[in-house]
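Everything on this sheet refers to the single structure shown next.
In mature numbering (1 follows the signal peptide of the UniProt record, and there is no 0), the protein residues as written are -18 to -1, 1 to 315.
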């Protein structure tokens, strides 16, 4: 299997997540507790990873598994970062409007590149940096909408606290991804063993979140485990499987590729979602969307295509060599 099959599949699964979630609504509302979706997705990922780990242990050469607590405890950190990030997201939306928040979310593309360089010591060429910046510009362009007869004064007119929280949210999102990649590549442990650790803590933190919601609501709706599957339909289960499968693909990318590949996959997924929305939800494509797609495609080409295919340097080098040879012959004469 070619390595790029995974990011392509991730793009399609990510783009379908929002559409499937919309289809899971009934009369414009959720008949189930949406907070249970991430919890069940973590359980799904944990079960799948445990099954493949069990199969690996049955082979003649068992996989490497580091079980020391000083290593295992590191897998708590991503869950903590995501927990803080989710709360920062809600806090940000109290200061900025959804359009501004969506546009500011593209900062995570650049912050991922910066943390990728600082913490993982992965050097990026100037061309790759330009490609990452272009990707952020392209996704932002695709999200900008004309105001028409409405006032545009509300865009980027939030208090300074909103922008600070928006930047913090982008940094936390990038930090979670970069730290997860660090964990996955820290040693040669089995991917499935690393997933088991990661998703065990993820399930525990999501369970704690559900319990906290019960406490805040004074158990008005009963404990979360009694209403866990209330209102679930076939489409809801597809949403759970889609989210879980997306997480498994991301962990594969963190182990065998890197965060930049994931950033490109999720960014392309956002553009694909907009295109699919035009078919499913009568979304009207804008000129900005088409411009954003073109910019993102150029960025993708700049980042992944080898430099010698982007810059026609061999032809120029050959010409320069011929001129130098002619000058040398004339001098000898």
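Backbone N, C-alpha and C define an ideal beta-carbon position, used for all residues, glycine too. Treat the numbers as computed from the prediction; the structure is a model and nothing was measured.
Exposure label - residue i; buried when at least 16 CB within 10 Å
i           : result
residue 238 : exposed
residue 7   : exposed
residue 169 : exposed
residue 16  : exposed
residue 27  : buried
residue 202 : exposed
residue 183 : buried
residue 222 : buried
residue 157 : buried
residue 36  : exposed
residue 291 : exposed
residue 24  : buried
residue -4  : buried
residue 80  : exposed
residue 159 : buried
residue 199 : exposed
Identified DSSP bridge partners for residue i
i         : result
residue 8 : 11
Contact under 8 Å by Cβ, residue i with residue j
i           : j           : result
residue 151 : residue 283 : no
residue 47  : residue 172 : yes
residue 93  : residue 153 : yes
residue -6  : residue 227 : yes
residue 85  : residue 125 : yes
residue 70  : residue 147 : yes
residue 224 : residue 14  : no
residue 179 : residue 166 : no
residue 189 : residue 21  : yes
residue 281 : residue 113 : yes
Per-residue DSSP class, three states only, for residue i
i           : result
residue 46  : coil
residue 197 : helix
residue 73  : helix
residue 41  : coil
residue 145 : helix
residue 206 : helix
residue 99  : helix
residue 94  : helix
residue 159 : helix
residue 82  : helix
residue 226 : helix
residue 268 : coil
residue 131 : Here the model assigns residue 131 a pLDDT of 44, short of 50, so the residue's position is not dependable, and the following value carries that caveat. The answer is coil: DSSP assigns residue 131 none of H, G, I, E or B.
residue 186 : helix
residue 104 : coil
residue 263 : coil
Residue i CB to nearest heavy atom of the ligand ADP below 7 Å
i           : result
residue 192 : Ligands are entirely absent from the displayed structure, and the ligand ADP is therefore not among its contents.
Option nearest residue i by Cα separation, candidates the options
i           : options               : result
residue 230 : 13, 1, 21 and 31      : 31
residue 245 : 116, 10, 69 and 75    : 116
residue 1   : 33, 253 and 213       : 253
residue 145 : 109, 89 and 198       : 89
residue 256 : 71, 78, 121 and 204   : 121
residue 164 : 209, 22, 51 and 104   : 104
residue 236 : 161, 119, 44 and 87   : 161
residue 269 : 123, -10, 69 and -4   : 123
residue -8  : 243, 259, 114 and 189 : 243
residue 142 : 101, 78 and 179       : 78
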